[in-house]
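Written out below as structure tokens is the structure these notes cover.
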Amino acid sequence: MRSPIQPALAAKAIHRRLACYSAVLLCAVALGQGAATAAEPTNAVRVLIVTGQDWPGHLWRETAPTLRRLLEEDRRLSVRILEDPHALDSAALTNYAVVLLHFQNWQQPGPGAAARENLRRFVERGGGLMSVHFACGAWQGEWPEFANILGRVWDPRLPAHDPRGPFTVRIVDREHPVTRGLEDFETDDELYTCLTGDAPIHLLAVAKSKLDGRDHPMAFVRTYGRGRVFLTTLGHDVKAFTNSRVPQLLRQACLWAAGLHP
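Basically the working numbering = 1-based index in the sequence shown + 470.
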């Protein structure tokens with residue numbers, strides 16, 4: 471006689487298999503195979519936002535769609551969202567011109583060795599990379615080369631940021647394609663004071679901390695191999711992404727990372 475527990479166990483196993491299949495399918499759809507959609511211009515710059523994990527106070531389910539919307543206000547950009555950082559090891563990464571990191575693996579391991587090497591190779595061979603807000607804290611203590619790719623990363627030994635509130639972002643290079651046309655602007659965000667690293671960077675914007683009185687990087691660029699890298703610490707929430715001139719900064723950075731003139 472069959473145990474009454476067996477049907478329940480079988481149902482759970484089927485559910486797990488279906489969930490796994492759905493996750494794989496979602497990743498495949500998000501990563502795509504390089505074909506343009508009906509609404510996407512055939513020459514559009516394809517951008518992949520990688521999200522799905524973060525510190526609980528960072529509401530990525532709200533900010534990721536906001537990022538997509540504000541980037542696609544420039545019709546040259548076509549953006550997909552992938553809610554699984556571990557899929558960075560997919561060979562389909564090369565279908566995109568720019569990868570935008572919008573995750574932080576808070577209290578859990580980051581994407582493994584295959585994903586790390588795949589992303590490193592993507593940038594080294596000419597792919598564009600963008601990092602927003604707390605993505606500079608991804609792979610904390612797991613991947614030393616990440617600091618060399620980005621140029622600066624979050625250091626938990628340093629004070630994290632000023633209290634959330636208004637501050638002035640000062641443009642220090644008005645001629646760079648990422649910041650051309652931008653003036654100093656007021657924003658309402660977290661002023662990060664926690665970046666560390668010694669790789670060469672080209673500073674674009676700074677802000678003065680109310681706590682230590684020092685200027686801290688708000689946006690900078692660098693090259694890694696043939697790839698173009700942009701980092702901004704701005705973007706705590708939807709308001710921080712959409713107030714002031716931040717959308718213009720991100721659109722121009724995305725086009726620059728893709729090798730286009732904003």
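By construction, the Cβ of each residue, glycine as well, lies at the ideal position given by its N, Cα and C atoms.
From the DSSP output, read off the bridge partner residues of Trp624. Leu665
Over what stretch of residues does the beta strand (DSSP E) that includes Glu656 continue unbroken? Per DSSP, Glu656 is one residue of the beta strand (DSSP E) stretching across Phe655 to Asp659.
Would you check if there are 3 or more beta carbon pairs closer than 8 angstroms linking the segment 520–534 to the segment 707–721? yes
Measuring only the C-alpha atoms, how far is Leu725 from Glu553? 23 angstroms
Could you tell me how far apart the beta carbons of Val676 and Val642 are, in whole angstroms, since I believe they sit closer than 8 angstroms? Approximately 6 angstroms separates the beta-carbon atoms of Val676 and Val642; this is inside 8 angstroms, confirming the contact.
Per DSSP, what are the beta-bridge partners of Lys709 in this structure? In the DSSP output, where bridge partners are listed per residue, Lys709 has none listed.
Note down, in chain order, each residue of its chain lying with its Cβ closer than 6 angstroms to the Cβ of Arg698, except the 5 sequence neighbours on either side. Once the five neighbours on either side are set aside, the close Cβ partners of Arg698 are Gly598 and Ala727.
Under the assumption that Thr455 contacts Val602 (Cβ atoms under 8 angstroms), give the Cβ distance between them as a whole number of angstroms. Absent from the model: residue 455. The displayed extent of the chain is 471 to 732, so no value can be given.
Please report the straight-line C-alpha distance between Gly729 and Gly611, rounded to a whole angstrom. Cα to Cα, the separation comes out at about 31 angstroms.
Mark Gln578 as exposed unless 16 or more other C-beta atoms lie within 10 angstroms of its C-beta, in which case mark it buried. exposed
Give the single residue among Ala567, Lys680, Ala689 and Ala585 whose Cα lies nearest to the Cα of Val517. Ala567
Spatial neighbours of His731 within its chain, please: CB distance less than 8 angstroms, with the 5 preceding and 5 following residues excluded, ordered by chain position. Pro647 and Leu725
Any beta strand (DSSP E) of 3 or more consecutive residues that is wholly inside the segment 534–563: 547–552
Compute the Euclidean distance between the alpha carbons of Asp632 and His686, then round it to the nearest angstrom. 11 angstroms
Alpha-carbon spacing of Gln722 relative to Thr649, whole angstroms: 7 angstroms
Would you call Leu495 buried or exposed, if buried means 16 or more other Cβ atoms sit within 10 Å of its Cβ? Only weak support is given to the placement of Leu495: the predicted model assigns it a pLDDT of 40, under 50, and the value that follows is read from those uncertain coordinates. Under this definition Leu495 is an exposed residue.
For the alpha helix (DSSP H) that Leu725 lies in, which residues bound it at each end? Val716 to Ala727
For Val520, the nearest candidate out of Ala605, Asn618, Gly683 and Thr693 (CA to CA): Ala605
What are the start and end residues of the alpha helix (DSSP H) that includes Ala585? For Ala585, the enclosing alpha helix (DSSP H) starts and ends at Ala583 to Glu594.
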